[in-house]
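Participant: Per the working numbering: the sequence shown ends with 1670, consecutive numbering throughout. Beta carbons are placed, not taken as given, at the ideal position from N, Cα and C, and that holds for glycine. Note that the structure is a prediction, hence the values are computed from the model and not measured.
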Amino acid sequence: MDTSVLPIIILLPLVLGTTLVSWLKNFSRGVTAFGAIGVSLSSLILLLTQAKQVFHGEVITQSWSWLPQLGIDLSFRLDALGLLFSLLITGIGTLIFIYAYYYLSPKNSLSKLYLLLMLFMAAMLGISLSNNLILLLIFWELTSISSFLLVGYWSNYDVAQRGSRMALTITGMGGLAMLGGFILLGQITGTYQIDQILTMSEHIQNHALFTPTLLLILLGAFTKSAQFPFHFWLPNAMAAPTPVSAYLHSATMVKAGIFLLARLLPIFAGAALYHNIVTFVGLFTLCMAAFFAIFKEDLKGLLAYSTISHLGLIVCLLGIGSPLAVAAAIFHIINHATFKAALFMIAGIVDHETGTRDLRKLSGVWQLLPFSATLTMVTAAAMAGVPLTNGFLSKEMFFTELLANLNGPVLVLSATIATLAGIFAVAYSVRLVHGVFFDGPLGEQVPNKDGHEPPIGMRAPAILLAILCIVVGIFPALTVEQIVNSTARASTQLHDFSGTHLAIWHGFNLPLVMSLIALVGGLSFYFVLAKNRKIRSIDLDPALGPFQGKLIFESLLKHLLLKSRKIKRTTETGSLQTYLLWIVAFSIVLVAVPLMGQGLTTGTRELTHAPMLAIVLWLLLFSACWMMLWFHHERIKAVLISGAIGLVVTMVFVTLSAPDLALTQITVDVVTTVLLLMSLSLLPQLTPYESSQARRWRDAILSIVGGLGIGWITWLILTRDHNSISWFFLQQSIPLGGGSNVVNVILVDFRGFDTFGEITVLGIAGIGTLCLMDGMRTHGTTITQGLTYRFNPSPLMLRIASSWILPLALVISLYIFLRGHNEPGGGFIAGLITSLALIIQYIALGQDQAEQLLRAKSGRLYEIWIGAGLSIAGLTAIAAWFWGRPFLTSAHIYVSPPILGEMHLASAAAFDVGVYVTVVGATMLMISVLGDSRHSSMSGPLPKGK
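(1) Exposed or buried, which one is K1020 when buried takes at least 16 other CB atoms within 10 Å?
(2) Note down, in chain order, each residue of its chain lying with its Cβ closer than 6 Å to the Cβ of A1028, except the 5 sequence neighbours on either side.
(3) According to the neighbour-count rule (16 or more other Cβ atoms, all chains shown, within 10 Å of its Cβ), is H1219 buried or exposed?
(4) Please classify Q1169: is it buried, with 16 or more other beta-carbons within 10 angstroms of its beta-carbon, or exposed?
(5) Give the secondary structure of H1076 by DSSP, where H, G and I count as helix, E and B as strand, and everything else as coil.
(6) Do three or more CB pairs link the stretch 1033 to 1051 to the stretch 986 to 1005 at distances below 8 Å?
(7) Which class does N855 belong to by DSSP, given the choice of helix, strand or coil?
(8) Taking the Cβ atom as the reference point for each residue, do M1375 and I1365 lie within a distance shorter than 7 Å?
(9) Please state if the CB of L1130 and the CB of S1138 are separated by a distance shorter than 7 Å.
(10) Short of 6 Å in beta carbon distance, which residues of its chain neighbour S1526, apart from the five on each side in sequence? Order them along the chain.
(11) What is the DSSP secondary structure of D797, reduced to helix, strand or coil?
(12) Given this structure, state the Cα-to-Cα distance separating S767 from A1149, to the nearest angstrom.
(13) Look at the alpha carbon of T976 and the alpha carbon of S746, and state the distance between them as a whole number of angstroms.
(14) Roughly how many whole angstroms lie between the Cα atoms of A1348 and V1653?
(15) Let me make sure I understand the geometry here. Which of T1332, M1238 and S789 has the alpha-carbon closest to that of V1136?
(16) Excluding the 5 residues preceding and the 5 following L1243 in the sequence, name in chain order all residues of the same chain whose CB lies nearer than 6 Å to its CB.
(17) Please classify V1485 as buried or exposed, where buried requires at least 16 other C-beta atoms within 10 Å of its C-beta.
(18) Who are the Cβ neighbours of G1463 in its own chain at under 7 Å, not counting the five residues just before and after it?
(19) Just the C-alpha distance for L972 and T1103, rounded to the nearest angstrom, thanks.
(20) List in chain order: all unbroken alpha helix (DSSP H) runs of 4+ residues lying wholly within the stretch 962 to 1024.
(21) Please classify I1507: does DSSP put it in a helix, a strand, or coil?
(22) Since L1026 contacts A1017 with CB under 8 Å, what's their CB separation in whole angstroms?
(23) Would you list the residues sitting across from I1617 in a DSSP beta bridge?
(24) Starting from the C-beta of L1410, find all residues in its chain whose C-beta is less than 8 Å away, skip the five residues before and the five after it, and write them out in chain order.
(25) Taking S752 as the reference, which of Y825, L1380, G762 and L770 has the closest Cα?
(26) For the alpha helix (DSSP H) holding W1682, just list the boundary residues, first then last.
(27) Can you name the start and end residues of the alpha helix (DSSP H) that Y1566 belongs to?
(28) Using DSSP with H/G/I as helix, E/B as strand and the rest coil, what is L1460?
(29) Express the C-alpha separation of R889 and L748 in angstroms, rounding to a whole number.
(30) When you compare only the Cα positions, how much space is there between T1326 and L922?
(31) What separation, rounded to the nearest whole angstrom, lies between the Cα atoms of A901 and F946?
(32) Whose CA, out of I1073, I1147 and A846, lies closest to the CA of Y673?
(33) Are the Cβ atoms of V1208 and V1196 separated by less than 7 Å?
(34) Just to confirm before moving on: does the CB-CB distance between S1087 and G1167 stay below 7 Å?
(35) Since L1649 and E1587 are thought to touch, with beta carbons under 8 Å apart, how far apart are those beta carbons, to the nearest angstrom?
(36) Just to check my reading of the structure: R801 and D919 have Cβ atoms closer than 8 Å, yes? What is that Cβ distance to the nearest angstrom?
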């Protein structure tokens, strides 16, 4: 059995689908649609090739080590539950891609919609196939992000933007809660592997952290599946294009929470808290949403509330948790996906052909769309639970399990609520059919009275789904019985579960009576409301007043915004002195509180006398720092003194036999001094004296306390023996890293991931400088009162010397780079030396001439360098995967080419090339931007008349 098919199923839409659609957008819409449909269909076919064995009880797994120390692996698992959801995702997704081609106007970007749908499909497949909680969470959040983009597809539609933000906020908060639950679950079990966690039910439920774990995970599931009180985001997301609503909000995204409950059911089943919360939240959501759906004026709004109601039904069944209840939930998941996706498509057809989906304007549309009306009647009958449809069977199973697993007053109350929900479901289903297609002649307010049946391609997906509603309703045992039972076994992990028998007729019993009451009651209730079209004037929003979920949510956001602004006005005074005060004071308290009462005295380590050189260097450092304090109001002097402090620190590193640190310090010191001088030329030369005498004393005391505290902690550490990991690096530097320069081997091998992060941050800083300084220059102006800084011709001697310095510096840089793995040096230091040589060119030749010589037009060359450097480092890190090694694992060999003799080659050298290129690019980008004389928005007084 080929287990590698699992990641391929996800990667097809994630990589191939998005890439293909992006490329095909240059061709016709039909070609783009064909490519998207082909990718989706390919994933579906791959799943179908595994269906036979999986639905017979086999489980396919595939795993790659990712972060084993954290228990996070790229682990995938295909069982019957994952397969069922994956088939729904890809199957209905394929139909949606076909439908979207006909639905979307040529004025709108079809490729953009397909690309986002592909991203969402991959995320949902990732959820269904993940065998690791953290990996599942990553895909979970990807669904939130991609659905945010899909709901806000029409960027100029304000309602869509508000709906997308609301959906992202609610589901994002739920995802954050779920993260906490997953981490607690990992702490309880010692693993994040789902197949291992499912075997630890008793241990999990007996653990002290079980209750918070359960509540946090339920928050994630309830927010995603729009359960009360988080239901309100779903109707407000209906501003999305209809294909998006049909896919995300009926068949896939909203069922992610359902999938999570079904996946983790074995570890929650038997816990009273789980059963009570989930059962009654689902039951309340079922009835509440069904009632509100009756009175919705928007056709998609009605379908949205009906979706919430049916999701509540499924959640209630999973809350009951018995094997038969789980089987009923699985059956209704299938049924709901078929009839609800079809109904959303039909709603899109009505809107597409009539120009409106407002139920107050629609009536008599049968005259325009007789075939679509027939499809609506079939699928709405399934939604209402009419006999001979699939919805009738799963709803009757729901009634049966509710009666079988509850007792006493709870049973009476639950049965009453369920029957009322059934009545309401029939009522809104009848309104959908009668209110749109009948209820009199064609409405006068219908914008387009010349509408007609859309092309067969637009109707075909809904036709197929409508046929399934009837076929499954009449022949359930032949169509889905084995799938339902296999999926129920996978969800409950009860492999001896004999299954349920799906049939049209189970005799005359109480569930059938409840179904009949729902049908008759729903019809009566609707036609009483519809008499004289009274239902069109009923609006529940004023009755709910401020208790509407949307208004509560917006009120909370407004309250948070106002409070944050108040805090911002209080804390952001614009005074750096105040900011530093709070930072230093808080840091002192943060360190002092846990150390209080710890008996912190000098350790037992033998002390040695300080050599005279150390005392001299200490006095030099003290003098330089005192001068910095004395002249800190004079910015230029302060920068020069800070450079002097850096030189003293370099001497300290030399004295302590740390040449690598000394080289790094001196090069960084020179570069940062130049950058600071150029930056401060934008500002006044003097810092204003902000402090009063009292504040000066306060700041002095705070500084002394902080300095003495750091000094004392340093003393305590230095006088105590401690276990150091430095010996590991010293012993393993050559055997594992292939280099005798331990510092460099640590940077590019042992802790290469840290270095990769650091050069990434450096690149971001360079790009950030470019963005911040856009439209600015360092010339002195009347606005900034800064120094006059112009690129006047430099002395002839400097210009002549600079022509020799650059090639010489490049040779030295190459030498420093090549020796870095075994001697002091490396890519970072070599990059700074190259940068210094280039800075000298800027000083000697002026920026315009220097950039013309270097072909670095306004720093554009250096932007490319940053990207190239990060790419080189990243590709070197990824290359280890091709040899089955972890990310960033280096390799080294010895070769003996002719003439050159024995040479030592390490893959870390390629990584160091990336470091070198990124350092040069980021440093020079900042220099070039700060000194760019062509930026003009800060160039002084404007000419007259401008």
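Facilitator: Working from what's here:
(1) Under this definition K1020 is a buried residue.
(2) For A1028, where only same-chain residues beyond five positions count, the Cβ hits under 6 Å are L958, P959 and M962.
(3) Answer is exposed; the Cβ neighbour count stays below 16.
(4) Counting Cβ neighbours within 10 Å, Q1169 comes out exposed, since fewer than 16 surround it.
(5) Helix, per DSSP.
(6) Because the criterion of three Cβ pairs below 8 Å is met, the stretch 1033 to 1051 and the stretch 986 to 1005 touch.
(7) N855 falls in the coil class under three-state DSSP.
(8) No, the Cβ-Cβ distance between M1375 and I1365 is not below 7 Å.
(9) For S1138 and L1130, yes; Cβs fall inside 7 Å.
(10) I1564, Q1565 and A1568.
(11) DSSP, read as helix, strand or coil, puts D797 in strand.
(12) Spanning the two alpha carbons is a distance of roughly 35 Å.
(13) Straight-line Cα distance between these residues: approximately 24 Å.
(14) Near 31 Å, if we compare the C-alpha coordinates of V1653 and A1348.
(15) Ranked by Cα distance from V1136, the options T1332, M1238 and S789 are led by M1238.
(16) Cβ neighbours of L1243 within its own chain (closer than 6 Å, five residues either side excluded): V1150.
(17) Exposed, because fewer than 16 other Cβ atoms sit within 10 Å of the Cβ of V1485.
(18) Cβ neighbours of G1463 beyond the five flanking positions: S1457, V1469, H1545, N1546 and A1630.
(19) The straight-line gap from Cα to Cα measures roughly 18 Å.
(20) Every unbroken stretch of the alpha helix (DSSP H) spanning 4 or more residues and falling wholly within the stretch 962 to 1024 is given here in chain order: 966 to 972, 980 to 987, 989 to 992 and 996 to 1018.
(21) Because I1507 sits at a pLDDT of 41, beneath the cut-off of 50, its placement in the model cannot be relied upon, and the following sentence gives the value as read from the coordinates. Coil.
(22) Going by Cβ atoms, the distance from L1026 to A1017 rounds to 5 Å, so yes, they are a contact pair.
(23) Beta-bridge pairing links I1617 to L1629.
(24) Hits under 8 Å: H1357, E1358 and R1359.
(25) For the set Y825, L1380, G762 and L770, the Cα lying nearest the Cα of S752 is the one of Y825.
(26) Look at the range of the chain in this structure, 725 to 1670, and you will see that residue 1682 is not part of it.
(27) Per DSSP, Y1566 belongs to the alpha helix (DSSP H) from G1551 to L1569.
(28) For L1460, the three-state secondary structure derived from DSSP is helix.
(29) Straight-line spacing of the CA atoms in L748 and R889 works out to 30 Å.
(30) Cα-Cα distance, rounded: 52 Å.
(31) If I take the Cα positions, the gap works out to 11 Å.
(32) With the chain running from 725 to 1670 in the structure shown, residue 673 is simply not present.
(33) Not a contact, by the Cβ cut-off of 7 Å.
(34) Inclusion of S1087 and G1167 in the CB contact set at 7 Å is warranted, their separation being smaller than that value.
(35) That pair is a contact at about 6 Å.
(36) With a Cβ gap of about 6 Å, R801 and D919 count as contacting.
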